[in-house]
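A.B. asks: Numbering (the working numbering), first residue to last: 673 to 889. We put the CB at the ideal spot given by N, CA and C, even for glycine. Next up is a structure, given as structure tokens.
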């Protein structure tokens, strides 16, 4: 059911694009840790993402951070295109989930609220990709889980998923043009680049393994 406001599509898209970035930029890990009296940027790896919250604050809050970061990627990719259709009374372009989801990931990675120093984008990317490329996302999640269980390195699992999703994208969506596979490839490259510090620690044998049985606080 349309809202019959007949807003210009360009204005609606522009407004929601800005909102997608601002939503993605919400530093959930920082805020959750701050509520416990901890500056997550000064403990553990210094990253504001779910893994550092899991290790440095508590298992439960780390999982909560991951879920919230995924939601802030999923909402722009899944909901915002629907809002465009409703507010402009015209079909939303098929590339809007990619635009809105991508901006949420950019927001998480370079958040204006924290002087553009954010997380690595894994959870937010996973949420956005549910709306952008669900088939490739499912394959990526499976590869991520197998790699995490097999190595107990969260960084390795994230890098494996960053490779698996674009590879699956080229396989699943090649008949729909190259825009989506290319976008998935660029996203995967961004995630791998954001893990450059982890890669250096892995090469030195200094990377911390993921502890599944970490006690909650």
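1) Is there contact here, the region 752-764 with the region 725-734, by at least three beta-carbon pairs under 8 Å?
2) Exposed or buried, residue 809, counting other C-beta atoms within 10 Å across all chains shown (16 or more means buried)?
3) Going along the chain, which residues of its own chain have a beta-carbon closer than 8 Å to the beta-carbon of residue 710, five neighbours each way excluded?
4) Apart from the five residues just before and just after residue 774, which ones in its own chain have a Cβ nearer than 8 Å to its Cβ?
5) Kindly indicate which three-state DSSP category residue 627 falls into: helix, strand or coil?
6) Consult DSSP for residue 882 and reduce its assignment to one of helix, strand or coil.
7) So the candidates are 827, 849, 726; which of them puts its Cα closest to the Cα of residue 877?
8) Is residue 706 helix, strand or coil by DSSP?
9) With a threshold of 7 Å on Cβ separation, who are the neighbours of residue 857 within its own chain once the five nearest residues in sequence on each side are excluded?
10) Alpha carbons only, please: which of 719, 695, 692 is nearest the one belonging to residue 705?
11) Just to confirm the assignment: which complete beta strand (DSSP E) runs, minimum length 3, are found wholly within the region 780-848?
12) State the DSSP-derived secondary structure class of residue 766, mapped to helix, strand or coil.
13) What number of angstroms, rounded off, separates the C-alpha of residue 674 from the C-alpha of residue 758?
14) Under the three-state reduction of DSSP, which class applies to residue 729: helix, strand or coil?
15) In the structure shown, what three-state DSSP assignment does residue 759 receive?
16) Considering residue 853, what are the terminal residues of the alpha helix (DSSP H) in which it resides?
17) Do you know offhand how far residue 863's Cα is from residue 680's?
18) Taking Cβ positions, are residue 833 and residue 847 nearer each other than 7 Å?
C.D. replies: Reading from the atomic positions:
1) As far as the Cβ criterion goes, the region 752-764 does not touch the region 725-734, which means the pair count is below three.
2) Per the 10 Å Cβ criterion, buried.
3) Taking residue 710 as the centre and dropping the five residues before and after it, the same chain places the C-beta of 728, 729 closer than 8 Å to its C-beta, in chain order.
4) Correct list, in chain order: 800, 855, 859.
5) This structure does not reach residue 627, given that the chain is present from 673 up to 889, and the question cannot be answered.
6) In the three-state scheme derived from DSSP, where H, G and I count as helix and E and B as strand, residue 882 is classed as coil.
7) Residue 877 has its Cα closest to that of 827, out of 827, 849, 726.
8) Under the three-state reduction of DSSP output, residue 706 falls in the helix class.
9) Around residue 857, the same chain offers 838 as residues with beta carbons nearer than 7 Å, after the five sequence neighbours per side are excluded.
10) Closest option to residue 705, judged by alpha-carbon separation, among 719, 695, 692: 719.
11) If we require 3 residues or more, the region 780-848 turns out to have no beta strand (DSSP E) run fully inside it.
12) In the structure shown, residue 766 sits in coil (DSSP, three-state: anything other than H, G, I, E or B).
13) Note that residue 674 has pLDDT 48, beneath the 50 cutoff, so the model's placement of it is unreliable and the number below is only indicative. The alpha-carbon atoms of residue 674 and residue 758 are separated by roughly 4 Å.
14) In the three-state DSSP reduction, residue 729 falls in the coil class, being neither helix nor strand.
15) Note: residue 759 maps to helix in three-state DSSP.
16) 851-866 is the extent of the alpha helix (DSSP H) around residue 853.
17) CA-to-CA, the gap between residue 863 and residue 680 works out to about 35 Å.
18) Residue 847 is positioned such that its CB atom lies no closer than 7 Å to that of residue 833.
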